[in-house]
Amino acid sequence: MTRKLPNLLFDFGGVLINIDYGLTVEAMRGHGSAIEFTQAAQAELFDQMETGQLTPEQFRVGLRQHYGLTATDAELDAAWNAMLLDVPAERLALLAELRAQGYQTALLSNTNQIHIEEINRRLKTQYGLEHGIADCLDRVFYSQQVGLRKPGEEIFHHALREMNWKAEETLFIEDSPQHIATAQRLGLHTLFLTPPLTLLDALPAALRAFPNRESTASAVS
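Right under this line is the structure:
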């Protein structure tokens, strides 16, 4: 008798794509001032950008007004994108393997139009993914498009409703503790990727340990 496979809900930054928030802070400082943006907390300007309340043009105006930055649009975009590093090929291969084994997969990411366009451009150039990371999962939920962001509960409810998933049958993979806390409060199982753990290091064991197994059906190894 085969087991029901858990649903897999992935964060993007720090899980599928490597990121370094400090690179963006340093790049912005080079244009005149430090910005209030970290993995743990950020200023309202960035919340507004990540929930689609600001266009990229309005966001750039806000950066200049709030932080006194003197930079062109292209320079601001480059500084904002500095945090985005690489998406390792082995993580994309893992997603493909999971889907081939029958796992349902989705992405739940706090992100914004500038980052989405840049990441997807890179993925198309490097890996030939016509629609970026969306080609590697069943669904993607971007805060910028949904109008909600983690760690709020409603964006989790939205993703679960759209996927027709139950919280107790879902594993959420994330690297931010405040988002993990919300998921646990809502009854999702969680995999907290604390450095130096990576997805390939930790996910196979998490799948083997997932509750309510009915057999020893193989997980990713």
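Residues in the sequence shown are numbered consecutively from 92, following the numbering used here. Note that the Cβ used here is the ideal one computed from N, Cα and C, for glycine as well. Keep in mind the model is a prediction, meaning the values are calculated, not measured.
Distance check between Gln-133 and each of Ala-297, Gln-269, Leu-279 places Gln-269 closest, using alpha-carbon atoms only. Within the model, the alpha-carbon separation for Leu-251 versus Thr-161 is close to 42 Å. Taken through DSSP and simplified to helix, strand or coil, Leu-298 comes out as helix. Annotation: Ser-124 to Gly-159 spans about 7 Å, alpha carbon to alpha carbon.
DSSP, read as helix, strand or coil, puts Ile-264 in strand. Shown here for Tyr-194: same chain residues with a beta carbon closer than 6 Å to its own, the five before and five after excluded, namely Leu-96, Leu-99 in chain order.
The criterion of a C-beta distance shorter than 8 Å is satisfied by Thr-281 and Glu-265. If you compare the alpha carbons of Glu-245, Arg-240, Arg-151 with that of Thr-163, the shortest gap goes to Arg-151. The residue among Ala-170, Gly-143, Gln-156, Gln-139 with its C-alpha nearest the C-alpha of Asp-111 is Ala-170.
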